[in-house]
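These protein sequence lines are chains P and A, in that order. The working numbering applies: residue 1 is where the first sequence begins, and numbers increase by one. The working numbering applies: residue 1 is where the second sequence begins, and numbers increase by one. All residues carry an ideal CB built from backbone N, CA and C; glycine is no exception. In this text the structure is predicted, and so the values were computed from the model without any measurement.
Protein chains: 2
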Amino acid sequence: MPLENPPGSAFLLAAVGAHAAARFAERVAALHLTPPQVGLLGLIAAEPGQSQQAVARILGMPPSRLVGLVDSLADRGLVERRRNRADRRLHALHITDEGRAMLARIGKVAHEHDDDLCRSLDEGERETLRALLARIAADQGLRPGVHPGYRHL
Amino acid sequence: MPLENPPGSAFLLAAVGAHAAARFAERVAALHLTPPQVGLLGLIAAEPGQSQQAVARILGMPPSRLVGLVDSLADRGLVERRRNRADRRLHALHITDEGRAMLARIGKVAHEHDDDLCRSLDEGERETLRALLARIAADQGLRPGVHPGYRHL
DNA sequence: CCAAAACGATTACAGCTCTGAACGATTATT
DNA sequence: AATAATCGTTCAGAGCTGTAATCGTTTTGG
C-alpha cells in the first residue's frame, strides 16, 4: 500500500518508471547490453569526441566508474578511444560503424518497448503523457536524454 | 541523448521516475529512513498480521533480504514481530503506535514531494497524469501500492 | 505413532558493484 | 625549470545481494 490513498503522482511515476526501466533492461539484455551501456553508447553517438571526464560529468557518475563501462563497449568494437594530438592526456570517445549498427537495433528494441508499455493508451493519450512528462522533466532540471538512474545502476 | 529523438514515453517515464525516486529518498533520509523501509512499513500498516514470507512474496524480494529490513524497523520500535500461537514458525508483522506516528510524518513528506514534483502542472493536468499512469500500471500488472524498485534498492 | 519431508525465519558465505584515494603520464602555471 | 593541476586508470575497502546451509516447528504418510 502506498502512503497515500489513492497514490499520488510521484509514487505512480516512480513505480511505473521503475517497471519501465526493468522491462527495458530485459529487452536489451537480449543484445548482451545493460541500460548504462546503452545510455553511454547513445551519448557518445550524439556528441562524439568528448573526453571521458566530460561524459562522466554529464552522466553524473565518478570517472572511475566510466572506465569499465567504456572498456566493455570498446572490447566489443562499438566504441573507440582516440588519442587527442593537441592534449595527449585526453581520450576522445567515438562510436564505430558497428556501434551505429548496434544503436539501430537498440532503437528498434526501444520502440517495441515503448509500444508495449503504452498499449493501453491511444495515440492522443500517449502524446498527452509525453507532454506532461516533458514539462516535469524540464521543470525539475533534468537534462534531455540523460537517465538519472544510470548513476547508481 | 536518448535512442529516439524526441524521446519516447518509456524513456521519459523511466527518467522522470528515477528522478522522483531519488528526490523522495533524499526527503525520507531526513527521517533516517530508506525507501524500502518506507515501503515495508506502509505494507505492514495496510495489511497487518502477515508472515514475512507472504510480505517477501508481495514485495518480490528474497526472504533473507526482508530479515534485515524488519530488524531495522523493529530496532526502532516502529514494527514488532508477534509469535503466532497456532503456528509458532510464523512471525506475524504488526505496526506499533510509534510506527503509525512515523507513517503520518512520512505521509506529510510524501505530499510535499508530490507537490514539488508536479509544481509545473495545474490540478487538472495532475489528475490526467495520475489517470494515465494508473491505466499503464494496471495494464502492466503492477500491484497497486507496491514499488517494483524496492526489489533492487 | 513415529520417522521423514516440508516449511518459515535466520544465518553464513561467496560474489558482485561502487566509491574514493592513490598513481603515472601529460600539460599549464609561475 | 619546477611546481601545480588535469586526465585516465588502477586498486583496495566497504556495502549489498542472492544462494545455500541451519534451526525450530509442523505436516505428512506409512
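Whose CA, out of the options, lies closest to the CA of residue i?
i: THR128 (chain A); options: P:LEU13, P:GLU4 and P:ASN5; result: P:LEU13
i: PRO63 (chain P); options: P:LEU73, P:GLN52 and P:HIS19; result: P:GLN52
i: ARG76 (chain A); options: A:GLU4, A:ILE95 and A:ALA86; result: A:ILE95
i: HIS19 (chain P); options: P:LEU103, P:LEU59, P:LEU66 and P:CYS118; result: P:CYS118
i: ASP116 (chain P); options: A:ALA10, A:ASN5, A:PRO6 and A:HIS147; result: A:ALA10
i: LEU43 (chain A); options: A:LEU69, A:ARG27 and A:ARG23; result: A:LEU69
i: GLY109 (chain P); options: P:PRO6, P:VAL28 and P:ASN5; result: The residue you asked about is not Gly; residue 109 (chain P) is Val in the sequence shown. Out of P:PRO6, P:VAL28 and P:ASN5, P:VAL28 has the C-alpha closest to the C-alpha of VAL109 (chain P).
i: VAL67 (chain A); options: A:ARG100, A:ASP122 and A:LEU90; result: A:LEU90
i: GLY141 (chain A); options: P:GLU112, P:ASP71, P:GLU4 and P:ARG23; result: P:ARG23
i: ALA7 (chain A); options: P:MET61, P:GLY39, P:GLU4 and P:PRO6; result: Reading the sequence as shown, one finds Pro at residue 7 (chain A) and not Ala. Among P:MET61, P:GLY39, P:GLU4 and P:PRO6, the Cα nearest to that of PRO7 (chain A) belongs to P:GLY39.
i: ALA85 (chain A); options: A:GLY49, A:ASP114 and A:ARG57; result: Strictly speaking, residue 85 (chain A) in this sequence is Arg, with Ala absent from that position. Measuring from the Cα of ARG85 (chain A), the nearest candidate turns out to be A:GLY49.
i: ARG126 (chain P); options: A:ASP122, A:GLU26 and A:ALA131; result: A:ALA131
i: ARG143 (chain A); options: A:ARG57, A:ARG88 and A:ALA25; result: A:ARG57
Between residue i and residue j, how many whole angstroms is the CB-CB distance? I'm expecting something under 8 Å.
i: GLU47 (chain P); j: LEU78 (chain P); result: Actually they do not touch by this definition, with Cβ atoms about 16 Å apart.
i: LEU55 (chain A); j: LEU93 (chain A); result: Note that residue 55 (chain A) is Val in the sequence shown here, rather than Leu. That belief holds up - the Cβ atoms of VAL55 (chain A) and LEU93 (chain A) are roughly 6 Å apart, short of 8 Å.
i: SER120 (chain A); j: ILE106 (chain P); result: 30 Å between Cβ atoms; not a contact.
i: LEU133 (chain A); j: VAL16 (chain P); result: 5 Å
i: ALA45 (chain P); j: ARG100 (chain P); result: 7 Å
i: LEU73 (chain A); j: LEU31 (chain A); result: That pair is no contact at about 12 Å.
i: HIS111 (chain A); j: GLU4 (chain P); result: 7 Å
For residue i, decide whether its Cβ has a neighbour in chain A, counting only Cβ atoms nearer than 8 Å.
i: ALA14 (chain P); result: yes
i: ARG83 (chain P); result: no
i: GLU157 (chain P); result: Here chain P has residues from 1 to 153 only, and residue 157 (chain P) is not among them.
i: ARG135 (chain P); result: yes
i: GLU98 (chain P); result: no
i: SER120 (chain P); result: yes
i: LEU117 (chain P); result: yes
i: ARG65 (chain P); result: no
i: SER9 (chain P); result: yes
i: HIS91 (chain P); result: no
i: HIS94 (chain P); result: no
i: ALA86 (chain P); result: no
i: PRO148 (chain P); result: yes
i: LEU142 (chain P); result: yes
i: PRO132 (chain P); result: What sits at residue 132 (chain P) in the sequence shown is Leu, not Pro. Yes, its Cβ sits closer than 8 Å to a Cβ of chain A.
i: LEU73 (chain P); result: no
i: GLY17 (chain P); result: yes
i: ALA154 (chain P); result: Outside the displayed range of chain P (1 to 153) lies residue 154 (chain P), so it cannot be described from this structure.
i: ALA101 (chain P); result: no
Answer with yes or no whether the minimum CB distance from residue i to chain P is below 8 Å.
i: ASP139 (chain A); result: yes
i: GLY124 (chain A); result: no
i: HIS32 (chain A); result: no
i: ASP114 (chain A); result: yes
i: ARG27 (chain A); result: no
i: LEU69 (chain A); result: no
i: LEU198 (chain A); result: Outside the displayed range of chain A (1 to 153) lies residue 198 (chain A), so it cannot be described from this structure.
i: GLY107 (chain A); result: yes
i: GLY145 (chain A); result: yes
i: ALA56 (chain A); result: no
i: ARG76 (chain A); result: no
i: GLY60 (chain A); result: no
Under 8 Å: do the segment 139–153 of chain A and the segment 25–37 of chain A share three or more Cβ pairs, one atom per stretch?
yes
Quick one: which unbroken alpha helix (DSSP H) runs of 4-plus residues sit fully inside the segment 30–63 of chain A? Chain order, please.
35–46 and 52–59
Any alpha helix (DSSP H) of 4 or more consecutive residues that is wholly inside the segment 117–142 of chain A:
123–139
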